[in-house]
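What follows is a short report on a single structure.
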Amino acid sequence: MGGICRHEERKGVGSLYDTIMSKSHNYFGDLAWDKIVWSDSHNRVRRIQKRIYKASRFSDRGKMIFMQKMLLRNPHAKLVAVQSVTTLNKGKNTPGIDGFTTTSGEQKLDLAKSLSLNGKANLVKRIGRPKPGKTEKRPLGIPTIRDRAKQALCKLALEPQWEAKFEPNSYGFRPGRRAHDAIEAIFLNLRFNEDKYVFDADIRKCFDLIDHEALLGKLDTFPLMRAQVAAWLKAGIFDEFASTPGMSESSTIGTPQGGVISPLLANIALHGLEDHLSEFVSKRNMPKPHTGASRGSRAKRAALGIIRYADDFVIIHRNREIMQMAIQETKIWLKGMGLSISEEKSSLKKASQTFKFLGFQIALVKNRATGKFRVKITPSSENISRTIPKVKSIIQKNKAVSAYHLIGKIRPVLLGWANYFQYCECKEVFSKVDNIIYQQIRAWVFRRAVRQGRKKVKEKYFPSGNTYPFQGQSHEANWILVGSKKLAGDNKSTIYLPKLSWVSSKKYVKIKGDTSVYDGNEVYWSLRTPKYSILSTRVKNLLLKQRGKCTICKKGFLQGDIMEVDHITPKFKGGLDQYLNLQLLHRQCHVIKTKQDRATP
14 MGGICRHEER KGVGSLYDTI MSKSHNYFGD LAWDKIVWSD SHNRVRRIQK
64 RIYKASRFSD RGKMIFMQKM LLRNPHAKLV AVQSVTTLNK GKNTPGIDGF
114 TTTSGEQKLD LAKSLSLNGK ANLVKRIGRP KPGKTEKRPL GIPTIRDRAK
164 QALCKLALEP QWEAKFEPNS YGFRPGRRAH DAIEAIFLNL RFNEDKYVFD
214 ADIRKCFDLI DHEALLGKLD TFPLMRAQVA AWLKAGIFDE FASTPGMSES
264 STIGTPQGGV ISPLLANIAL HGLEDHLSEF VSKRNMPKPH TGASRGSRAK
314 RAALGIIRYA DDFVIIHRNR EIMQMAIQET KIWLKGMGLS ISEEKSSLKK
364 ASQTFKFLGF QIALVKNRAT GKFRVKITPS SENISRTIPK VKSIIQKNKA
414 VSAYHLIGKI RPVLLGWANY FQYCECKEVF SKVDNIIYQQ IRAWVFRRAV
464 RQGRKKVKEK YFPSGNTYPF QGQSHEANWI LVGSKKLAGD NKSTIYLPKL
514 SWVSSKKYVK IKGDTSVYDG NEVYWSLRTP KYSILSTRVK NLLLKQRGKC
564 TICKKGFLQG DIMEVDHITP KFKGGLDQYL NLQLLHRQCH VIKTKQDRAT
614 P
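Numbering (the working numbering), first residue to last: 14 to 614.
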C-alpha cells in the first residue's frame, strides 16, 4: 500500500480500494488479539499519517483525501483504533447507551473486523460530572464503544490533516503540546518591561453551542467523513438526569464531550481566530501599536499576542484602543460559529493586576529599585485550595491503613501536582503546602498510637537521621513519613513521602512555532519529550536509561505513546520497588506482561 505511485492514485482509485479491502480481510484471517505486534501496527499507521500531513501541508487535497481513505480501510488502523478505546483508554469499561463493553480479545478483534464508516451513529448517553469547586455539573456525553472506536479511526485520519493547518499559538488537546507551552507563550508576550492589557476570555458553553453547519463547513473533507461527523454531532442524547427516564432528544448544536473526536472538532471550530485577528490589526487604517512603532503591517501583527488552549484564550496588546477593537472583532468572528464570550467570566485588565490561566497566576511585578517589570508566574490560589482538601480527604478516608499504603495514595497526587507547577516560581508555594500537608499527616500519625510514647511513635513513622534520594539529589530530614511492607520471602519494600519543596523549579522552553509530531522530525521530539514534559522523575530516568525504547518490543517510544512503569519481578512475587527492578513499557506491552506474570506461579 505504501509504494503506490501518484498516477495510480489518480487513475485506479476504485480497484485499489477493492484490493485494500481484500487485504484487510486476509490480514485478519485467523489473527489472535494476543498475537498482534502492536509496534508494527502503530508504525504502519504513523507512516500513512505523515503522508496525510505532508499532503495537507502542501495543499494537495486530492492526495490527502486519498491517503485518508486508505488509512480508514487499513486493518492496522482499525486495530489501533479499537486498542485505544478498549485497552488503553481509562474509560474502556464505561458502557454507552447499549450497556456493552468489549472485554475479551475475540470481541475486540470482531469489532476491528467490522469497523467502518457508514454515516450513522447511536444515541449518546448523557451523564453529569461535577465541576471543580462548584455545585453545578458538566454534561458528559458517552458514545457506545463502537462509536468510540469509529471516532478513534476517524481521528487517525483527520488529525494529521489539521495538524498541518492549525495556528502556532493553539495548544490545547494537540499531540506534543501542553498547557506549559501556552503559559510560556504568555511569558514571551509580557517580558518586554511594558504593562500591557490582557483580555482573559472565556467562551460561553463552547462545547454545547458550536454551530454544526458552520463546523461541518470548515471540516474540508470527503462526503462520507462529513456525513459520519454530522451523525455524531446530531446524535440523540440519553440523559441519565432527565425527568423522564429513557427520554431522548435530537441535538443540533454542540459536540459530544465524552467523544474521542470532540476535542479535535472543537479545535477545528476555533481554528482561524488567531490569523483573523492578526490580519484585522494589520490593516492600514488601524492606529500604531505604540508611540515610536513602525506603521507597517508586520509591526502591527507582532504587537498582538493571541494564545489559545482549547476554548480558553488570552489576547495581549499594549494599546487599549486596539485591544477594544480586537475584542469586538473576536465577538463577531465567534458569532459565525454560534459562540459568544461569557462576559461574567472574561475580563480586560492590565497585566500588573494579575490574571489566571490554566491554573497559573500571572502578573507583572515592578522592581522598586530599578523600576522595571518582570513576569511572575505562580500556582493560583484556587488551585492550591483544591489540592490541599483533596489530600486531606485521602487521609481522612484511610485512617486505618498502614503508612505504606497511605503514602502510595498521597504521593502520586502531590508529585503529579508538583510536576505540573514545577515550570514556574513554585518554591515558596511548595513550602507552604508542605507545611499544611505535614500538619495533616502528623495528626494522622499521633492519632493512631495514643498508648505509645510520642518519641517512639515519631521514630516509627518519622525516623531521624535518614537521607532520601530524590531527583538525583540527597536530602536529609527528620520529619519525612516512611512506610514499609513485607514482601515474599525476607524482602521488604520501603517508601517515603517526599517534600514538594524538593521538586526544583525549572525553565520551560516553548515548542517551536507550528512544529508537529507528524512532520517527521524524530530527533527534535526524542530530545524534547524527556526534558520538557510533566512525566514523573521515575519515567524520565527510565526513558533516558532505556534510550527511549520499550524493553519488551524493543521499539522506540513515539510522541503520544502511553508509557507505564513495570516491576520486572512483580511485587506480589517479592520484587523490590527499586530502579534495578523497574522498566518502562508501552501500555499494551505492560498489559501483556502483567497477564503473563499472573498466569505463571
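Yeah, the Cβ is synthetic: ideal placement off N, Cα and C, and Gly gets one too. The model shown is predicted, which means the values in this text are computed figures rather than measured ones.
task = May I ask you to list the residues that DSSP assigns as paired with VAL50?
result = According to DSSP, which records beta bridges pairwise, VAL50 is partnered with nothing at all.
ask   = Which residues in the same chain as LYS533 place their Cβ atom closer than 7 angstroms to its Cβ, once the five residues preceding and following it in sequence are excluded?
value = Here the sequence assigns Gly to residue 533, which means Lys is not the residue at that position. Only LYS63 meet the Cβ criterion.
request  = Whole angstroms is fine: what's the gap from PRO476's alpha carbon to PHE443's?
outcome  = Between PRO476 and PHE443, the alpha-carbon positions lie close to 22 angstroms from each other.
Assigned secondary structure, HIS284 (DSSP; H/G/I helix, E/B strand, else coil) = In the three-state reduction of the DSSP assignment, HIS284 falls in the coil class, being assigned neither a helical nor a strand state.
query = Can you name, in chain order, every residue of its own chain whose Cβ lies under 6 angstroms from the Cβ of TRP46, other than the five neighbours on each side?
reply = Cβ neighbours of TRP46 beyond the five flanking positions: GLY118, LYS121, LEU122.
key: Rounded distance between the beta-carbons of PHE373 and ILE390, thought under 8 angstroms   = Rounded, the Cβ-Cβ distance is 5 angstroms, consistent with contact.
key: Through-space distance from GLY526 to LYS519, alpha-carbon basis   = Their backbone Cα atoms lie some 21 angstroms apart in a straight line.
ask   = By Cβ distance below 6 angstroms, which residues in the same chain neighbour SER514 in space, the five residues on each side in sequence not counted?
value = For SER514, where only same-chain residues beyond five positions count, the Cβ hits under 6 angstroms are PHE443, SER444, ASP447.
query = Three or more C-beta pairs closer than 8 angstroms, one from the segment 196-211 and one from the segment 560-573: is that the case here?
reply = The segment 196-211, when compared against the segment 560-573, does not touch it at the 8 angstroms Cβ threshold.
ask   = Can you give the Cα-Cα distance for GLN174 and LYS67, rounded to whole angstroms?
value = Cα to Cα, GLN174 sits roughly 8 angstroms from LYS67.
query = Pairing CB atoms from the segment 216-228 with CB atoms from the segment 545-558, are three or more of them under 8 angstroms?
reply = The segment 216-228 vs the segment 545-558: no contact.
Reduced DSSP secondary structure (H/G/I, E/B, other) of ASP194 = ASP194: helix per DSSP, three-state reduction.
key: Paired residues, beta bridge with GLY496 - DSSP   = The beta-bridge partner set that DSSP reports for GLY496 consists of ILE508.
key: N- and C-terminal bounds of the alpha helix (DSSP H) containing TYR545   = The continuous stretches of alpha helix (DSSP H) do not include TYR545, and DSSP gives it neither H nor E.
request  = Select from ALA416, HIS289, ASP160 the residue whose C-alpha is nearest the C-alpha of LYS471.
outcome  = Closest in C-alpha terms to LYS471, from the list ALA416, HIS289, ASP160, comes ALA416.
inquiry  = Quick check on LYS163: buried or exposed, where buried means 16 or more other Cβ atoms within 10 Å of its Cβ?
reply    = Buried, by the Cβ-count rule.
task = Ignoring anything shorter than 3 residues or poking outside the segment 201-260, list the beta strand (DSSP E) runs there in chain order.
result = Within the segment 201-260, the complete beta strand (DSSP E) segments of 3 residues or longer fall at 210-215, 250-252, listed in chain order.
message = Check whether the segment 98-105 and the segment 48-56 are in contact - that is, three or more C-beta pairs closer than 8 angstroms.
response = No: fewer than three Cβ pairs fall under 8 angstroms.
task = Please report how far the alpha carbon of GLY584 lies from the alpha carbon of THR116, in whole angstroms.
result = Reading off the sequence, residue 584 comes out as Lys, not Gly. Rounded to the nearest angstrom, the two C-alpha atoms are 25 angstroms apart.
message = What does the alpha-carbon distance come out to for the pair ALA227 and LEU277?
response = Taking the straight line from one Cα to the other gives about 15 angstroms.
inquiry  = On the DSSP bridge list, what partners appear for ASN479?
reply    = Answer is ALA490.
message = On the criterion of 16 or more Cβ atoms from any shown chain inside 10 Å, does THR613 qualify as buried, or is it exposed?
response = Exposed: under 16 other Cβ atoms inside 10 Å.
inquiry  = Using a 10 Å radius around the Cβ and a threshold of 16 neighbouring Cβ atoms, would you call SER487 buried or exposed?
reply    = Exposed, by the Cβ-count rule.
query = According to DSSP, is GLN453 helix, strand or coil?
reply = DSSP, reduced to helix, strand and coil, places GLN453 within a helical segment of the structure shown.
query = Where in the segment 336-401 do unbroken runs of the alpha helix (DSSP H), each at least 4 residues long, occur, reported from the N-terminal end onward?
reply = If only complete runs of 4 or more residues are kept, the segment 336-401 shows no alpha helix (DSSP H) anywhere.
inquiry  = Does PRO269 pass the burial test, meaning 16 or more other C-beta atoms within 10 Å, or should it be called exposed?
reply    = Since pLDDT at PRO269 reaches only 46, below the 50 mark, its modelled position is unreliable, and no value is offered.
task = Consult DSSP for GLN596 and reduce its assignment to one of helix, strand or coil.
result = In this structure, GLN596 counts as strand in the three-state DSSP scheme.
request  = Would you check if the segment 488-505 and the segment 393-408 touch, i.e. whether three or more CB-CB distances between them fall below 8 angstroms?
outcome  = The answer is no - the segment 488-505 does not touch the segment 393-408, with fewer than three Cβ pairs under 8 angstroms.
Span of the beta strand (DSSP E), counted from its first residue to its last, around TYR531 = Element bounds for TYR531: n/a, residue is neither H nor E.
task = Classify HIS303 as helix, strand or coil using the three-state DSSP reduction.
result = HIS303 falls in the coil class under three-state DSSP.
query = Just how far apart, CA to CA, sit ARG57 and ILE524?
reply = Rounded to whole angstroms, ARG57 to ILE524 spans 26 angstroms at the Cα level.
key: Residue closest to GLN337, alpha-carbon to alpha-carbon, out of GLY384, LYS362, MET350, ASN87   = When only C-alpha atoms are compared, the closest one is LYS362.
inquiry  = With three or more beta-carbon pairs closer than 8 angstroms as the criterion, would you say the segment 340-357 touches the segment 410-429?
reply    = Touching, no.
query = In its own chain, which residues sit with a C-beta less than 7 angstroms from the C-beta of ALA90, not counting the 5 before and 5 after it?
reply = For ALA90, where only same-chain residues beyond five positions count, the Cβ hits under 7 angstroms are VAL58, LEU84, LEU166, LEU169.
Own chain residues within Cβ distance below 6 angstroms of ILE78, not counting five before or after = Closer than 6 angstroms at the Cβ level, and outside the excluded window around ILE78, lie PHE235.
ask   = Looking at the unbroken beta strand (DSSP E) that takes in ILE329, where does it start and where does it end?
value = Note, ILE329: beta strand (DSSP E), 325-330.
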